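Residue numbers (my numbering), protein chains in the order written: chain A, 294 to 516; chain B, 294 to 516. C-beta atoms are modelled at their ideal positions from N, C-alpha and C, and glycine is treated no differently. Just so we're clear, the structure is a prediction, and the values are computed from it rather than from any experiment. Below is one structure; the comments refer to it alone.
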DNA sequence: AAATATTTTTAGATAAATCTAAAATTTTAA
DNA sequence: TTAAAATTTTAGATTTATCTAAAAATATTT
């Protein structure tokens, strides 16, 4: 069963929302996709008919197993294409998202298998996000939002929750990149900013807003 | 001005038809796209409105310069993707067409420029067809249909007008491939079949139907 | 040149994905 | 606990790309 690009965008968005919330609301999808609540309701009926989600009028909804499997397939394609764009075609981090949004809808299992092979079956994309395998299995990565990362524990920046160039230039100004070692030194309750040490040398202050977009993986060895 | 996939398919088809015929008919486009004449008329109105073609009711039509430029852009993308699929992802000749039909509609100049660069700015695709450059210039290749190729002149198979696997298996059975040297030995008027010599060794007979799909480039040195 | 056949266009429908405005339902709060 | 607010759904349009059937124009043939 092939899905339209519109259907796939809904499936992917619902999947990401239900990771955090369990049950998903019409409005949250409308906001995420920048569309109207009415359009979401229309699409929900279609996806229910196609047996991808559990949905009861006014009660919220979530993807069933079939829906989740489908979502993981789309995420796999998206992240493999991002990897291709950055590693092979030398796009920059913040240039790949829009193109990958298009490429993820190309329908061809053969294509995605060959692409994965060509890239060396990577487990993580250039943003540090895990790439599901062809069976839909996602490599587990205990990544934690920087705002929740424990004090004085060595971590590594492994993912960035946004691709805006404003954010990337801020990161580069602070000498932070994927793979940077990071330790939280102090939380400031007043503005929720955080002092961190980068690569065990540079002490920098990170705003609450920036911290919300940084994900850190615990490292098992001390610095 | 971005075009929809449907518009691009019409533009590409009209371009290919007017290469041979100059003026294009509604029915020929309908046949090529396996759609109804009425749908073609609908789309012609839209493309006329977008100033891509010259069209008068009941009188036929053809792309203007803007339309041709657009068509060459689409053909460039299609052939670069085919090259990528065969050279980089190791698809076989006859497996690439359907996927390239999807990939050619991805909208990103940056993507196609980076892809061309990665592939080494190839001038010809795996079927031997010329790839227009980013300005829309097509490398000239004096390729001639085998049915019109002069007797006793050395040529080289440089293009195949179809990608059907039936045809490719027939070619491989006759030991013919892109790059094979070929000389026409004799034309048979009765069934319009042709005797040719392949690589100056093997003498094989080629049906009119097969010959219509083979394109040959004159070589300047004798065998 | 008139009758017939073919081609092309128009008219009117349909399906997908969207919209706005209004109605229905649920949640919040006075 | 009922009134107000927020959320969700329905109803009715719109756009794009398609269709079939019928009408209009052109081409062919006797």
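Next on the checklist: Measuring only the C-alpha atoms, how far is residue 549(A) from residue 412(B)?
Outcome noted: There is no way to answer for residue 549(A), as the model of chain A reaches only from 294 to 516.
Item to check | Touching by the beta-carbon criterion (3+ pairs, under 8 Å), the segment 346–364 of chain A and the segment 384–397 of chain A | outcome: They do not touch, by the three-pair rule.
Checklist entry - Does the separation of the CB atoms of residue 477(A) and residue 445(A) fall below 8 Å? => result One thing to note: residue 477(A) has its Cβ within 8 Å of the Cβ of residue 445(A).
Next on the checklist: Using a Cβ-Cβ cutoff of 7 Å, what residues of the segment 443–466 of chain B are near chain A? List them in chain order.
Outcome noted: If the cut-off is 7 Å between Cβ atoms, the segment 443–466 of chain B has nothing near chain A.
Next on the checklist: Whether or not the segment 402–420 of chain B and the segment 435–450 of chain B are in contact is what I'm after, with contact meaning three or more pairs of Cβ atoms, one per stretch, closer than 8 Å; do they touch?
Outcome noted: Verdict: no, contact absent.
Checklist entry - Just reading off the beta strand (DSSP E) that residue 476(A) is part of, what are its end residues? => result Annotation: the continuous beta strand (DSSP E) that includes residue 476(A) extends over 474–481.
Item to check | Short-range partners of chain A found in the segment 378–390 of chain B, where Cβ spacing is below 8 Å | outcome: The residues in question are 378, 381, 382, 383, 384 and 388.
Checklist entry - What does residue 438(B) pair with, by DSSP beta-bridge criteria? => result Beta-bridge pairing by DSSP links residue 438(B) to 508(B).
Item to check | Closer than 8 Å to chain A by CB, residue 407(B) | outcome: It does: the Cβ of residue 407(B) has a partner Cβ on chain A nearer than 8 Å.
Next on the checklist: Any beta carbon from chain A within less than 8 Å of residue 427(B)'s own beta carbon?
Outcome noted: Interface with chain A (8 Å Cβ-Cβ cutoff): residue 427(B) is excluded.
Checklist entry - Would you say residue 392(A) and residue 401(B) are within 8 Å of each other, going by their C-beta atoms? => result Between residue 392(A) and residue 401(B), the C-beta gap is smaller than 8 Å, which places the two residues in contact.
Next on the checklist: Which residues in chain B have a C-beta closer than 9 Å to the C-beta of residue 399(A)? List them in chain order.
Outcome noted: Simply 392, 395, 396 and 399.
Checklist entry - Is residue 392(A) helix, strand or coil when you go by DSSP? => result Per DSSP, reduced to three states, the secondary structure at residue 392(A) is helical.
Next on the checklist: Would residue 497(A) and residue 467(A) qualify as a contact pair, given that the criterion is a beta-carbon distance under 8 Å?
Outcome noted: A Cβ-Cβ contact shorter than 8 Å links residue 497(A) with residue 467(A).
Checklist entry - In three-state terms, what does DSSP make of residue 488(A)? => result Here residue 488(A) sits in strand by DSSP.
Item to check | Outcome for residue 336(A) when other beta-carbon atoms lying within 10 angstroms are tallied against a minimum of 16 | outcome: Taking all protein chains in view, the Cβ of residue 336(A) is crowded by 16 or more other Cβ atoms within 10 Å, so the residue is classified as buried.
Next on the checklist: Just verifying my parser: in three-state terms, what is the DSSP assignment at residue 498(B)?
Outcome noted: The answer is strand: DSSP assigns residue 498(B) an E or B state.
Next on the checklist: Below 8 Å, how does it come out for the segment 324–340 of chain B and the segment 482–489 of chain A: are there three or more Cβ pairs, yes or no?
Outcome noted: These segments do not touch.
Checklist entry - Got a sec: which bits of the segment 298–316 of chain B sit with their beta carbon under 7 Å from any beta carbon on chain A, in order along the chain? => result Taking 7 Å as the Cβ-Cβ cut-off against chain A, none of the residues of the segment 298–316 of chain B qualify.
Checklist entry - What residue from 501(A), 395(A) and 441(A) has the CA that sits closest to residue 371(A)'s CA? => result The closest CA to that of residue 371(A), considering only 501(A), 395(A) and 441(A), is found on 395(A).
Checklist entry - Which same chain residues, not among the five before or five after residue 378(B), have their C-beta less than 7 Å away from its C-beta? => result Excluding its 5 nearest sequence neighbours in each direction, residue 378(B) has C-beta neighbours in its own chain below 7 Å: 384, 389, 392 and 393, listed in chain order.
Checklist entry - In chain order, what residues of the same chain have a beta carbon less than 6 Å from the beta carbon of residue 516(B), not counting five sequence neighbours either side? => result Residue placement at residue 516(B) cannot be trusted, given a pLDDT of 28 that sits under 50; the coordinates are not used to answer.
Next on the checklist: Do residue 347(B) and residue 436(B) count as a contact pair if the criterion is CB distance below 8 Å?
Outcome noted: Residue 436(B) is not a Cβ neighbour of residue 347(B), given a cutoff of 8 Å.
Checklist entry - List, in order along the chain, the chain B residues whose C-beta lies closer than 9 Å to that of residue 373(A)? => result What residue 373(A) touches in chain B: nothing, since even the nearest Cβ is about 12 Å away.
Item to check | C-alpha distance - residue 514(A) paired with residue 474(A), whole-angstrom precision | outcome: Residue placement at residue 514(A) cannot be trusted, given a pLDDT of 45 that sits under 50; what the coordinates show is reported in the next sentence. A direct Cα-Cα distance of roughly 12 Å separates residue 514(A) from residue 474(A).
Checklist entry - Excluding five sequence neighbours on each side, which residues of the same chain lie with their C-beta closer than 7 Å to the C-beta of residue 512(A)? => result Excluding sequence neighbours, residue 512(A) sits near 447, 448 and 449.
Next on the checklist: Between the alpha carbons of residue 443(B) and residue 399(A), how many angstroms are there, rounded?
Outcome noted: C-alpha separation (whole angstroms): 43 Å.
Next on the checklist: In this structure, how does DSSP classify residue 515(A) when only helix, strand and coil are distinguished?
Outcome noted: Confidence in residue 515(A) is poor, its pLDDT being 34 and thus under 50, which makes the residue's placement unreliable; the coordinate value appears in the next sentence. Correct three-state label for residue 515(A): coil.
Item to check | Within chain B, the residues that residue 404(A) reaches when beta carbons sit closer than 7 Å | outcome: Scanning chain B for C-beta atoms nearer than 7 Å to the C-beta of residue 404(A) yields 392, reported in chain order.
Checklist entry - For residue 356(B), does the three-state DSSP call read helix, strand or coil? => result Three-state result, residue 356(B): strand.
Checklist entry - What do you get for residue 360(B), buried or exposed, if any count of 16 or more other CB atoms within 10 angstroms of its CB means buried? => result Its Cβ being crowded by 16 or more others within 10 Å, residue 360(B) is buried.
Next on the checklist: Please state the DSSP three-state secondary structure of residue 351(B).
Outcome noted: If DSSP states are grouped into helix, strand and coil, residue 351(B) belongs with coil.
Checklist entry - If residue 305(B) and residue 368(B) are in contact, beta carbons under 8 Å, what's the gap, nearest whole angstrom? => result Contact holds; Cβ gap of about 7 Å.
Next on the checklist: Please state the DSSP three-state secondary structure of residue 464(A).
Outcome noted: Of the three classes helix, strand and coil, the one that applies to residue 464(A) here is helix, per DSSP.
Checklist entry - On the three-state DSSP scale, how would you describe residue 332(B)? => result In the structure shown, residue 332(B) adopts helical secondary structure according to DSSP, grouped into three states.
Checklist entry - Is there a Cβ from chain A that is less than 8 Å from the Cβ of residue 411(B)? => result At least one CB of chain A lies nearer than 8 Å to the CB of residue 411(B).
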